[in-house]
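In the numbering used here, the protein residues as written are 348 to 979.
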Ligand code: PRX
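This is the structure in structure tokens:
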């Protein structure tokens, strides 16, 4: 048995030696000449000069040994479709998709925006991009047209791959009107949209830029498209995520470092091995989907289970039946899903044969102790919390059972993962925190392989956003508060910025505020996150109407609230919709005009906001209290 402590120390003392060994997990068409280029901090370039390809490593490389093994099991409880793809048939589908993209003019370095629901074609399209050396940017299907347009303008894709519709909870969400509107809004409009027609949406109009995938797939049925060998540091993908400002950042990742990091994580953190079956219940539009639905399980020669639907339809036993039916070994989801399942009849869980399941992994939001205890007991299997971000691409904190099965401590995702020089620091001085003292979770330079290489098209934003929190010192800020105990276990205490986490979805309160202030009736708005028993957090909006009468009585207020929520749906998507809108005459602000969001959040939860010496008008605090009390 390895010792975690030694293993972690080695990775920090000698990152070159450590990651040189790990790099042997993937195929390099040309070996790298240098493990790590530190010449331009805070940028780090891993495996310099090495040439490789993510699609080759995820698909082609397995053909010799596991062509007939399932690579992808697809289940949709929305459409009732179940399909299995062996590595051989996955290879064929990816080649078809790559050939079609090539015909439509996609070449190495081009961006391809993927706006697809959870259908196999999403995975084919991502891998086809990787094959061609094109940079994919998957946009979560729940995002509305203006969000899509902003991403189109930032990524400037050569092609968009979309579907006619998504489906959730039995409801069909028509995508083509969203695409029409996004293209009309975007300054940069790609010439074509490749459309996967699921025939779910009502008869759509034949917009001239829509190209049907099916006939092209038929035409390229036997196509073989060679893998482009990319230098390890070329971009593999862009994934947009929310931060402090209203403008999402394009997190850019490399090729070689990402492949190595994911392959290593599969052994050391997830204990997944070739031939195992992994079910990650997330969405390809999020980072957990990129890393643990698509790339990591396939890099490791495993079977990945892709699921479209909710955990409670047709009933709350659906996931457990999937475990039984497909002999799933590893499961990965967010704590919110478990809280939802906890409300279901426990007999549904007991009815399934869960003997194949070894471990349940949870990430994306804090795992509360009662949920952890309930699911651990119900399954009788280890439950492993892991903490990370879109930016890192793979866990920063976890019990790394593939190294040493340290004991779990309820409420903590565990200890720093190898490769990460993770510290708790004082937010102002950068001084290390004593154990038990709250600080910012920071990472020392260099970030390990697999982490973001920059902000797409904006190196300065990468440096300014993440590396300048302590002036004169080189720390990557995670924007999370934490506290570490004497044994090295870290507990997450919430974000230091204006990001909130609703049902494991990362949302920028500034983005929601911008969407709301676009409505003519809104003079001012503040959006804050408050605790929610089911979703972890919920967003609340406090709005000062332009016309005080607009929300004067209950009916008018309800009407305006509905209109404002619809605005968020249209601007950002329903996932960003606040749980409630409260109307006030005044918002608590500092004398320099900064919103006191933390004070608002405290008041909204019935807590006192503490001393606020810089507040402009203390009467604003009472406004928040009254608004919340009036509607409890
Ligand atoms: O605040 C932390 C929280 O989610 C943020 C990152 O969200 P996202 O970029 O969507 O990536 C999710 C990848 C799993 C973090 O800054 N977070 C993530 N995991 C945990 C967590 N908070 C507590 N416990 C976790 N395990």
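Glycine residues also receive a C-beta, built at the ideal position from the N, C-alpha and C atoms. Since the model is a prediction, treat every value here as computed from it, not as a measurement.
Residue i vs residue j beta-carbon contact at 7 Å
| i | j | result |
| --- | --- | --- |
| residue 712 | residue 851 | yes |
| residue 626 | residue 675 | yes |
| residue 631 | residue 485 | yes |
| residue 963 | residue 938 | yes |
| residue 543 | residue 510 | yes |
| residue 910 | residue 893 | no |
| residue 707 | residue 730 | yes |
| residue 918 | residue 977 | no |
| residue 363 | residue 382 | yes |
| residue 598 | residue 799 | yes |
| residue 785 | residue 741 | no |
| residue 366 | residue 399 | no |
Any chain D beta carbon closer than 7 Å to residue i
| i | result |
| --- | --- |
| residue 701 | In the structure shown, chain D cannot be found, because there is only a single protein chain. |
Candidates the options: closest to residue i by CA position
| i | options | result |
| --- | --- | --- |
| residue 792 | 390, 372, 834, 375 | 390 |
| residue 834 | 965, 759, 634 | 759 |
| residue 473 | 448, 566, 452 | 448 |
| residue 692 | 481, 662, 465, 714 | 662 |
| residue 689 | 736, 670, 658, 939 | 658 |
| residue 702 | 684, 672, 617, 710 | 672 |
| residue 768 | 577, 349, 350, 354 | 354 |
| residue 709 | 862, 520, 685, 700 | 685 |
| residue 831 | 888, 468, 744 | 744 |
| residue 411 | 590, 435, 388 | 435 |
| residue 795 | 604, 539, 528 | 604 |
| residue 405 | 424, 478, 785 | 478 |
| residue 356 | 940, 927, 724, 765 | 765 |
| residue 873 | 527, 946, 804, 717 | 946 |
| residue 901 | 925, 929, 807, 880 | 929 |
| residue 349 | 747, 480, 463, 378 | 747 |
| residue 466 | 453, 487, 457 | 487 |
| residue 564 | 450, 600, 643, 602 | 450 |
| residue 423 | 502, 399, 545, 494 | 545 |
| residue 717 | 741, 680, 501, 757 | 757 |
| residue 392 | 637, 773, 797 | 797 |
| residue 567 | 432, 441, 974, 379 | 441 |
| residue 569 | 439, 373, 974 | 439 |
| residue 463 | 493, 418, 523, 432 | 523 |
| residue 974 | 927, 814, 941 | 927 |
Helix, strand or coil at residue i [DSSP, three-state]
| i | result |
| --- | --- |
| residue 350 | coil |
| residue 689 | helix |
| residue 616 | coil |
| residue 700 | coil |
| residue 375 | coil |
| residue 809 | helix |
| residue 828 | strand |
| residue 712 | coil |
| residue 770 | strand |
| residue 484 | strand |
| residue 649 | coil |
| residue 746 | coil |
| residue 638 | helix |
| residue 471 | helix |
| residue 440 | helix |
| residue 423 | strand |
| residue 597 | strand |
| residue 623 | coil |
| residue 961 | coil |
| residue 522 | coil |
| residue 433 | strand |
| residue 775 | coil |
| residue 794 | coil |
| residue 741 | coil |
| residue 568 | coil |
For residue j and residue i, believed in contact at Cβ under 8 Å, the rounded distance
| i | j | result |
| --- | --- | --- |
| residue 394 | residue 579 | 4 Å |
| residue 514 | residue 655 | 7 Å |
| residue 877 | residue 951 | 5 Å |
| residue 616 | residue 351 | Contact doesn't hold; Cβ gap of about 11 Å is too wide. |
| residue 771 | residue 762 | Not confirmed; about 12 Å, so no contact. |
| residue 640 | residue 653 | 6 Å |
| residue 667 | residue 699 | 4 Å |
| residue 293 | residue 516 | Residue 293 falls outside the range modelled here, since the chain spans only 348 to 979, and no answer is possible. |
| residue 489 | residue 683 | Actually they are not in contact, since the Cβ atoms of residue 489 and residue 683 sit about 15 Å apart, beyond 8 Å. |
Proximity test, residue i beta-carbon vs the ligand GDP heavy atom, cut-off 6 Å
| i | result |
| --- | --- |
| residue 734 | The ligand GDP is not among the ligands present in this structure, which contains only the ligand PRX. |
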